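Numbering (full-length UniProt numbering), first residue to last: 1 to 156. All residues carry an ideal CB built from backbone N, CA and C; glycine is no exception. Quick caveat: nothing in here was measured; it's all calculated off a predicted structure. Contents: one structure, followed by commentary.
What follows is the structure in structure tokens.
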């Protein structure tokens with residue numbers, strides 16, 4: 001099976017070549033491929049390809065962003081995690097104030113991610129643990145930088 005070999009880009013490229021985007025078979029192939037990627041946590045296989053945007057949209061539209069969000073947090077890619085959550089809210093939110101903040105880029109990354117986890121997530125405990133780990137790592141990095149600066153006589 002091509003999907004079991006994680007040849008997702010190949011499958012999606014072939015679907016693009018052989019079918020029209022509104023063809024039910026094209027949609028079925030894309031959705032099946034996306035679900036396989038999520039089930040196998042193979043998010044990096046589409047990153048930096050033309051298929052990653054539609055993949056993220058599919059996840060956000062179907063309220064299935066939790067595993068990709070967790071992957072972003074574990075890789076300390078909080079800005080990407082925030083962008084994914086913003087996409088989710090643009091699609092699903094009825095809160096006009098939140099949407100205005102997202103569109104005007106006033107909203108901060110971590111508070112938005114925390115809001116999503118507490119209010120929308122289906123895998124709340126996993127995401128909370130990952131976010132706690134991320135915040136702990138950031139505190140340790142800041143402390144280490146302070147110690148290095150102090151050792152070099154650069155502290156105020």
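- Around the beta carbon of residue 97, fewer than 16 other beta carbons lie within 10 angstroms, which makes this residue exposed.
- When DSSP states are grouped into helix, strand and coil, residue 21 belongs to the coil group.
- Going by beta carbons, residue 35 and residue 26 fall outside the 8 Å limit.
- Assignment of alpha helix (DSSP H) within the stretch 99-155, counting only whole runs of 4 or more residues, yields 109-119, 124-151 in chain order.
- According to the DSSP assignment, residue 64 belongs to no alpha helix (DSSP H), since it is labelled neither H nor E.
- When DSSP states are grouped into helix, strand and coil, residue 41 belongs to the coil group.
- Cβ-Cβ separation between residue 89 and residue 102: approximately 6 Å, consistent with a contact (criterion under 8 Å).
- Between the stretch 49-61 and the stretch 109-122 there are fewer than three inter-stretch CB-CB distances shorter than 8 Å, so the stretches are not counted as touching.
- In this chain, residue 95 is not harboured by any alpha helix (DSSP H), its DSSP state being neither H nor E.
- Ranked by how close their Cα comes to the Cα of residue 3, the residues 30, 17, 24 have 30 in first place.
- Excluding residues up to 5 positions away in sequence, 91 lie with their Cβ nearer than 6 Å to the Cβ of residue 61 in the same chain.
- Around the Cβ of residue 121, a 10 Å sphere holds 16 or more other Cβ atoms; the residue is buried.
- About 10 Å separates the CB atoms of residue 129 and residue 117; that is not less than 8 Å, and the two are not in contact.
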